[in-house]
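Below is one structure; the comments refer to it alone.
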Amino acid sequence: MTILKYDPTSATALSQGLRYAVSSAKYILVFCSPTDVVKIFRMIGGKGLERHSVLWLIILQDRDEKQMIVDLEKVLREGTRVILVVGYSEGTIKFRSSFVNLEGAVRFQKTENKYGNASQKDTMPGFLKLTSSSRDPQMTGRELVLAANDNWPFFGIGRGPGSRGGRKLNVGIDVSIINTLSSSLNFTYRVVSPADGKWGGPLPNGTVIGLIGMVNRHEADLAICEITVTSGRESVVDFTNPYYQESITLISRAPAEKSRTFAVFSPFTVQVWIIIVVSCLAMGPILRLEYKVLAACQREKEIPRKETQLSSSTYAFNMFRSLMLQGNPIETPRWSRRFIFYFWYIFCLMVSALYSGTLTAVLAIPAYEKPVDSLNDLPKAIKDGYTLGTVKDSSLEFLFKEAKEGIYQEVWKLFNNVDRSKSFVDLPEQGFDKVGYTHTSSSRKVRLHLAQGLLLKSFARKRGRRKFYFARQNFYPQGYGIACTSGSPFKKTFDRKLARMVEAGLIIKWATDEAQKVSMMTPSNEEGPDQLAITLQHLQAAFFVLMLGYLIAALALVIENIHKRHFGMAADEEEEIDKDKQQ
């Protein structure tokens, strides 16, 4: 037993005492004046301290009974169970217990007293036997207020046949769940939506917004709409056990195909091309050096005349011809040079075979930009011009914002927190639409969006799956639950029913059904497979190389003509002078 003294001068102390009491006690006896009793229960409602597991026993005299009932019915909310223990002057005790009517209002009814009067010692056990209210609440015929946003494929509003409360509903996953609960427990419901259209939760200033706010303020009895269970939300509402699990994913536009301008050079890296060029150029000096060594060891007349006339540039050009599989006209009887040629030909064969095979694959199969596949890829993507976004005031924003270390904290810095409109949107579909896609590279909308996997995949199927890319890494597994008012009497009942749905595989089936609906809505004339035929676009680099050769040749021709005219005239003049001297 814990005794808490009521101090009307300290609201903070009272709040802390009540919070402790409802979290640890099963029975709470209240011995206060009628005015203070009303203050206590007004604070319970204001602080969201309703607990269906707690039974309040209010001890009062018969003269205060009527006014107490009137006052308590104004402040009590569903989730608070109260028994009035009324003592009469003749020594008898009568009980009045609270109940919730079909309109969701708390009322009091007489409870038969089978346990004698106050003088009997077994009166307290009699009190405890009245607490069998842990049984399922009576919901037959009751209309519940259900808070939800337009969030198909989970809960679509105004998209399909059927109605609840005058609003059309599309059969989504959460709609199927609430319809099953409604049929099983024999209640009806009407749908309301928050004015801000948010999922919401508690803010630093103490206010609670969105769907969670409506449930917290008892404007709705429950909310179901792909609502992630978080510690912040659980501090202001009660959640059922999660009925659906999924992870967060990252979506972007489909990676654009890389330019084919220089596709013919793709089989080798720049480093390999440089080494091949250096090898061709080095063969000239190597062969010329071999000749010098031979000439130093033998008499020049023993060396074939053709080889004595070959320069380093001639050797290098012939080695280039060999690399291009155009043959090598140099003939030699010497085995030292033959071995150089033999192994050079093997080198040329290997390079040519590797180049040819790889080039065919490169030209036939398109190459694409490197996609964003994980959270670790985000910093580079932001530097490349991407914008990162998600739904504002959502569980995801809370996740990154509250992170104190690690990759989540680094990701939070990548959001545009200066101009929040560029990173944060009100609804998931708005963020998805900003991802965008167009075939004109100059006008692409480069945006990355973080959201729940099933939701993004449904949006992508409707707009063309090939236009978007889903990151390979998923993160932050989360569960969706039904948000109920604090102390909701039907939470345990919902838990049992939801567990049966999960065990029977119904929720997975409903998710599959929604995916199939999206597939049927997707146009069948979506973009076909890429063309495998090699086109002029693939080979344009080869023609660029040819034109470059023509330009260099023309430039060399001009230089040769200038050189010949300048130095040729000087040579002719010297020749004429020599002739004159001889004459």
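Numbering (my numbering), first residue to last: 165 to 747.
Using N, Cα and C, we set each Cβ at its ideal position, and we do this for glycine too.
query: DSSP bridge partner residues for N315 (one or two, in chain order); result: F319
query: R227 classed as buried or exposed, judged by whether at least 16 other C-beta atoms fall within 10 angstroms; result: exposed
query: Three-state secondary structure assigned by DSSP to T256; result: coil
query: Length at least 4, wholly inside the stretch 390 to 444: the alpha helix (DSSP H) runs in chain order; result: 395 to 398
query: Start and end residues, alpha helix (DSSP H) containing G553; result: It is not in any alpha helix (DSSP H) - G553 instead sits in the beta strand (DSSP E) that spans 551 to 555.
query: Other residues of its chain near S399: CB distance less than 6 angstroms, five sequence neighbours each side excluded; result: none
query: Helix, strand or coil at Q594 [DSSP, three-state]; result: helix
query: Option in I415, I412, E383 with minimal Cα separation from V401; result: E383
query: Three CB pairs or more closer than 8 angstroms across the stretch 406 to 415 and the stretch 630 to 641; result: yes
query: C-alpha gap between S659 and D314, whole angstroms; result: Note that residue 659 is Asp in the sequence shown, not Ser. D659 and D314: Cα-Cα distance of roughly 24 angstroms.
query: Spatial distance of F484 from K586 (CA atoms); result: 56 angstroms
query: Coarse secondary structure for C196, derived from DSSP in three states; result: coil
query: Alpha-carbon spacing of Q573 relative to T676, whole angstroms; result: 35 angstroms
query: Residues that DSSP places opposite H613 in a beta bridge; result: I415, G553
query: Collapsed DSSP secondary structure at N689 in the structure displayed; result: Its pLDDT being 46, under 50, N689 is placed unreliably by the model, and nothing is read from it.
query: Buried/exposed call for Q284, threshold 16 Cβ in 10 Å; result: With a pLDDT of 46 at Q284, under the threshold of 50, the modelled position of that residue is not reliable, and the figure given next carries that caveat. Q284 should be labelled exposed.
query: Where the alpha helix (DSSP H) through Q573 begins and ends; result: 570 to 578
query: Per DSSP, the bridge partner or partners of L715; result: Answer by DSSP bridge pairing: none, since L715 is not bridged.
query: Buried versus exposed call for R299 [16 or more other C-beta atoms within 10 Å across all chains shown]; result: With a pLDDT of 48 at R299, under the threshold of 50, the modelled position of this residue cannot be trusted, and the question is left open.
query: Residue from F596, V555, T551, P592 whose Cα sits closest to the Cα of N580; result: T551
query: Which of helix, strand or coil DSSP assigns to T344; result: helix
query: Cβ-Cβ separation, I671 to Y408 (assumed contact under 8 angstroms), whole Å; result: 6 angstroms
query: CA-to-CA distance, E533 to M378, given in whole angstroms; result: 45 angstroms
query: A647, buried or exposed, once every other Cβ within 10 Å from all chains shown has been counted against 16; result: buried
query: Proximity below 8 angstroms, CB of I223 to CB of V194; result: yes
query: DSSP-derived helix/strand/coil call for R658; result: In the sequence under discussion, the amino acid at residue 658 is Phe, which differs from the Arg named in the question. Of the three classes helix, strand and coil, the one that applies to F658 here is helix, per DSSP.
query: Contact between the stretch 340 to 348 and the stretch 269 to 276 (3+ Cβ pairs under 8 angstroms); result: no
query: 8 angstroms CB neighbourhood of L266 in its chain, flanking five on each side removed; result: G305, R306, E307
query: Presumed contact (8 angstroms Cβ cut-off) between E237 and R271, rounded CB distance; result: 6 angstroms
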